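A.B. asks: Residue 277, in full-length UniProt numbering, is where the sequence shown stops; the numbers in between run on with no holes.
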Amino acid sequence: MAESYSEGRTGDGEYQEQFLNDKTLRRLGAAIAGLFTLGVGGFIAAIIFTQVDFELFVEIIHPQFVNAFLRVLAIILVGSLLSVTAGIFVGLGRVSNTGFTNAVATAYVEFFRGTPLLFQLLVIYVGIPAFWPPGEFPISNWQYPTAIIGLTLNHAAYVGEAVRGGIDAVPEGQMEAARSLGMSYVQGMREVVLPQAWRNALAAIGNDQVILVKDTSLLTVIAVPELISAFRNVNSTTFDPWTPIILVAIAYLMITVPLGKIVSYLEARSDWGGDRR
């Protein structure tokens, strides 16, 4: 009885092993990927050849979408630079041995990760001018500083957590080795720990910056004339949804695809001694 049970189990195991081998899984994965590609490609082709008005496409590129694209690109460049810079300091605060500094950095991260970006934008855009009497707020076009401040504060929290995770992934022995060579704590962090932490955190930071690009679509709520605003303007006058939607998709991909390539290049450069360098 025991022998027959054992044989049955062995037979089932052999059957499963034959079915779920590497070759079968590769073919299954290729089939699923192929079906997905055909489905998405067919859908996009149907839209382009049946729904897109190419005359309108050319007509609305300039100035509506070109101006919106350049405006969004400028906000992204400034917001990205500031958020990464601020995020590094937030991450250092999160690993600080000083209790007060650590508590402030932790509270900052919890607040800006725990509340929606749209909420933060509205607090800055509507709340800050409320401290002045009506009509006396000194900054004109407040929506643009709001966009940069909001994106910077929000994404600095995510970058800070990526930096904290990168630092925590560096073995403690690295700092001990640096201190044994006569380096101070600051020198050890700058020369030994942070370069390794940057390599560990780079993928997460790059992913966050791609999200920052897409978060600019929320700026339409605070009257920034960005790409979604351009779409709404065209759609409301022509009642053509697909032509401006395709332009919006192209505009965002023109930013996110090169950004992804830059992050991949930086990852390869930071992979010291690896095969990707």
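Virtual Cβ for every residue (Gly too), placed ideally from N, Cα, C.
Being a predicted model, the structure only gives us computed values, none of them experimental.
(1) For tyrosine 158, count neighbouring C-beta atoms within 10 Å of its own C-beta (all shown protein chains included) and say buried if the count is 16 or more, exposed if not.
(2) Where does the unbroken alpha helix (DSSP H) through valine 257 begin, and where does it stop?
(3) Taking the alpha-carbon positions, what's the serine 80 to arginine 269 distance?
(4) How big is the Cα-Cα spacing for asparagine 154 and proline 116?
(5) Ignore the nearest five residues each way along the sequence and tell me which others in lysine 261's own chain have a CB closer than 6 Å to its CB.
(6) I'd like the span of the alpha helix (DSSP H) that includes valine 234, first residue to last.
(7) Going by beta carbon distance, what residues of the same chain come within less than 7 Å of threonine 220, once the five residues before and after it are set aside?
(8) Please report how far the alpha carbon of methionine 183 lies from the alpha carbon of glutamine 196, in whole angstroms.
(9) Figure out for me which residue from Ile48, Leu212 and Ile61 has the closest Cα to the Cα of alanine 147.
(10) Rounded to a whole number of angstroms, what is the C-alpha to C-alpha distance between glycine 150 and isoleucine 76?
(11) Could you tell me whether the region 247-262 touches the region 183-192, where touching means 3 or more Cβ pairs closer than 8 Å?
(12) Between the C-alpha atoms of leucine 160 and phenylalanine 111, what's the straight-line distance to the nearest angstrom?
(13) Answer yes or no: does any C-beta atom of chain C fall closer than 8 Å to that of isoleucine 205?
(14) Can you tell me where the alpha helix (DSSP H) with asparagine 154 in it begins and where it stops?
(15) So, under 8 Å CB-CB, alanine 162 and aspartate 208 are touching, yes? Tell me the CB distance rounded to an integer number of Å.
(16) Say whether the region 88-95 touches the region 123-138, bearing in mind that this needs 3 or more beta-carbon pairs closer than 8 Å, one atom from each stretch.
(17) Are the beta-carbon atoms of valine 66 and threonine 243 separated by less than 8 Å?
(18) In the DSSP assignment, the alpha helix (DSSP H) including proline 195 goes from what residue to what residue?
(19) For asparagine 102, name the three-state secondary structure that DSSP assigns.
(20) Check whether the Cβ atoms of threonine 152 and leucine 82 lie closer than 8 Å to each other.
(21) Since isoleucine 128 is in the alpha helix (DSSP H), which residue starts that stretch and which ends it?
(22) Starting from the C-beta of alanine 204, find all residues in its chain whose C-beta is less than 6 Å away, skip the five residues before and the five after it, and write them out in chain order.
(23) With respect to the alpha helix (DSSP H) encompassing histidine 175, which residues constitute its N-terminal and C-terminal limits?
(24) Do you know how far the Cα of leucine 118 is from the Cα of asparagine 235?
C.D. replies: On the basis of the coordinates in this document:
(1) As a position in the sequence shown, residue 158 is number 158, starting the count at 1. With 16 or more Cβ atoms within 10 Å of its Cβ, tyrosine 158 is classed as buried.
(2) As a first step, residue 257 is located in the sequence shown; it is residue number 257 there, counting from the start. Valine 257 -> alpha helix (DSSP H) spans 242-270.
(3) The residue given as residue 80 occupies position 80 in the sequence shown. The residue given as residue 269 occupies position 269 in the sequence shown. Answer to the nearest angstrom: the Cα atoms are 20 Å apart.
(4) To locate residue 154, count along the sequence shown from 1; it is residue 154. To locate residue 116, count along the sequence shown from 1; it is residue 116. Looking at the two C-alpha atoms, the distance is approximately 9 Å.
(5) The count along the sequence shown starts at 1 and reaches residue 261 at position 261. Here the set comprises nothing.
(6) Taking the first residue of the sequence shown as position 1, residue 234 is located at position 234. Per DSSP, valine 234 belongs to the alpha helix (DSSP H) from 227-238.
(7) Taking the first residue of the sequence shown as position 1, residue 220 is located at position 220. Glu226, Ile228 and Ser229.
(8) In the sequence shown, counting from the first residue as 1, residue 183 sits at position 183. In the sequence shown, counting from the first residue as 1, residue 196 sits at position 196. For methionine 183 and glutamine 196, the distance between alpha carbons rounds to 17 Å.
(9) By one-based count along the sequence shown, residue 147 stands at place 147. Out of Ile48, Leu212 and Ile61, Leu212 has the C-alpha closest to the C-alpha of alanine 147.
(10) Counted from its first residue, the sequence shown places residue 150 at position 150. Counted from its first residue, the sequence shown places residue 76 at position 76. Between glycine 150 and isoleucine 76, the C-alpha separation is close to 12 Å.
(11) no
(12) As a first step, residue 160 must be located in the sequence shown, where it is residue number 160. As a first step, residue 111 must be located in the sequence shown, where it is residue number 111. In the sequence under discussion, the amino acid at residue 160 is glycine, which differs from the leucine named in the question. Their backbone Cα atoms lie some 13 Å apart in a straight line.
(13) Any reference to chain C falls outside this structure, which holds one protein chain only.
(14) On the sequence shown, position 154 is the one that residue 154 refers to. Unbroken alpha helix (DSSP H) run through asparagine 154: 143-168.
(15) Within the sequence shown, residue 162 is the residue found at index 162, counting from 1. Within the sequence shown, residue 208 is the residue found at index 208, counting from 1. Their Cβ separation, rounded to whole angstroms, is 7 Å, which keeps alanine 162 and aspartate 208 in contact under 8 Å.
(16) no
(17) Sequence index remark: in the sequence shown, residue 66 carries index 66 (1-based). Sequence index remark: in the sequence shown, residue 243 carries index 243 (1-based). No, they are not a contact pair.
(18) On the sequence shown, residue 195 is found 195 positions in, with the first residue counted as 1. Note, proline 195: alpha helix (DSSP H), 194-215.
(19) Here residue 102 corresponds to residue number 102 of the sequence shown, with the count starting at 1. Looking at asparagine 102 - three-state DSSP - the assignment turns out to be helix.
(20) Here residue 152 refers to the residue found at position 152 when the sequence shown is read from its first residue. Here residue 82 refers to the residue found at position 82 when the sequence shown is read from its first residue. Cβ atoms of threonine 152 and leucine 82: closer than 8 Å.
(21) For the purposes of this step, residue 128 is identified with residue 128 of the sequence shown, where counting begins at 1. Note, isoleucine 128: premise wrong, no alpha helix (DSSP H); not H, not E.
(22) Reading the sequence shown from its first residue, position 204 is the one you call residue 204. Contacts found: Ala162.
(23) The residue labelled residue 175 in the question sits at position 175 within the sequence shown. Per the sequence shown, the amino acid found at residue 175 is methionine instead of histidine. Here the alpha helix (DSSP H) through methionine 175 covers 172-180.
(24) Within the sequence shown, the letter at position 235 stands for residue 235. Within the sequence shown, the letter at position 118 stands for residue 118. Their backbone Cα atoms lie some 24 Å apart in a straight line.
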